[in-house]
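Report on the following structure.
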Amino acid sequence: MCRWAAYRGDPLYLEELVSSPAHSLIEQSHCATRAKTATNGDGFGIAWYGDRPEPGRYRDILPAWSDCNLKSLARQIRSPLFLAHVRAATGGGTRRDNCHPFTHDTWSFMHNGQISGFERLRRPMEAMLDDDLFNARGGTTDSELMFLLALQFGLREAPIAAMAQMVGFVEDLAESVLGSILLRFTAAFSDGKTLYAIRYATDRKAPTLYASPASAGYCLVSEPLNDDVDAWAEIPDGSAVTVGKDGVEVVDFRPEKRGAAKPQRVAIPA
């Protein structure tokens, strides 16, 4: 499984999540503690928002711990909203266009998880895309395809609802084609203004997700960046998270349940 970190708030140097903390994302790339595999060395990527609406992006197939450019960029780039990811491949080759985050127009997306039996589902999933989104597909991962499907289902207009529809579509397809469903989906995505995340799995074993204040904002991470356990709130399985100008909201997440989610009481440290 992969590891990732995301931030929204007042501008912050990327190194505050990527390289400086005791258990930074680079540290997690070779020593993750809350994943099935400790090593996430199949590439990395960062996407950040600045003065333009589209995100900047840097990705490579090197392990994050061995790329000197990553530390240099993280020390110099300051952003109010960014996503960073280290990859442990579960499908798709180790190539740059399979590294997260994926971007399209103003949107960025990264994912930790997998669709069981994806190779048998790939073609009918691709068939749901219009020509523009199909032609935007650069890699071979289930993650990128789920991102494009969410765009197809209305991510720009209703982000959480589009993700619910996308997940519901994948589940229905898996049931029809495979006779069974196993989807694990912990993802972060943004339009450059608001940061969103989903933690969900059909078997209730979704990859971990935590939230914490950071500088004058909030960060979402696969696992805590330090040993201060009181600073980190675990986001429950079956949740959607919105980080906006008014703080953090956590609501129930269910496939295809548009408009039915109500906020849970999840205590995010102040």
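With the first letter of the sequence shown counted as 1, position 105 gets the number 85 in our numbering; the numbers rise by one all the way through. Here a beta-carbon is modelled for each residue, glycine too, at the ideal position from N, C-alpha and C. Here the structure is a predicted model, which is why all the values come from computation and not from measurement.
- For the 7 Å CB-CB criterion, L61 and Y29 form a contact.
- Excluding the 5 residues flanking it on each side, R184 has same chain C-beta neighbours closer than 7 Å at D217, in chain order.
- Between the alpha carbons of V157 and D207 lies a distance of about 44 Å.
- If you look at A194, you'll find it isn't in any alpha helix (DSSP H); it sits in the beta strand (DSSP E) that goes Y190 to A194.
- Burial is judged here by how many other beta carbons sit within 10 angstroms of a residue's own beta carbon; E155 has fewer than 16 and is exposed.
- DSSP, read as helix, strand or coil, puts S219 in strand.
- DSSP places P(-9) in the strand class (E or B) of the three-state scheme.
- Within a 10 Å sphere around the beta-carbon of P33 sit fewer than 16 other beta-carbons, which makes this residue exposed.
- In this structure, T222 and E214 do not form a Cβ contact; the two beta carbons are roughly 17 Å apart against a cut-off of 8 Å.
- When C-beta atoms of the segment 106 to 121 are compared with those of the segment 185 to 194, fewer than three pairs fall below 8 Å, so the two segments do not count as touching.
- Closest option to M90, judged by alpha-carbon separation, among L(-8), R55, E106 and A130: A130.
- For L162, no alpha helix (DSSP H) encloses it, and the DSSP letter there is neither H nor E.
- Taking L175 as reference, the option from A144, G197 and E(-4) with the minimal CA-CA separation is G197.
- For G93, no alpha helix (DSSP H) segment is defined; the enclosing uninterrupted segment is the beta strand (DSSP E) at W87 to I95.
- Sixteen is the threshold: when 16 or more other Cβ atoms of the shown chains lie within 10 Å of the Cβ of E(-5), as they do, the residue is buried.
- Using a Cβ distance threshold of 7 Å, G25 and P81 count as a contacting pair.
- In the three-state reduction of the DSSP assignment, E203 falls in the coil class.
- In the three-state DSSP reduction, F24 falls in the strand class (E or B).
- Sorting V66, S88, Q56 and S59 by C-alpha distance to the C-alpha of P43 places V66 at the top.
- Secondary structure at F133: coil, using DSSP grouped into helix, strand and coil.
- Membership of F82 in the beta strand (DSSP E) is indicated by the continuous run F82 to H84.
- DSSP places G227 in the strand class (E or B) of the three-state scheme.
- Per the coordinates, the alpha-carbon of G172 lies some 7 Å from the alpha-carbon of W87.
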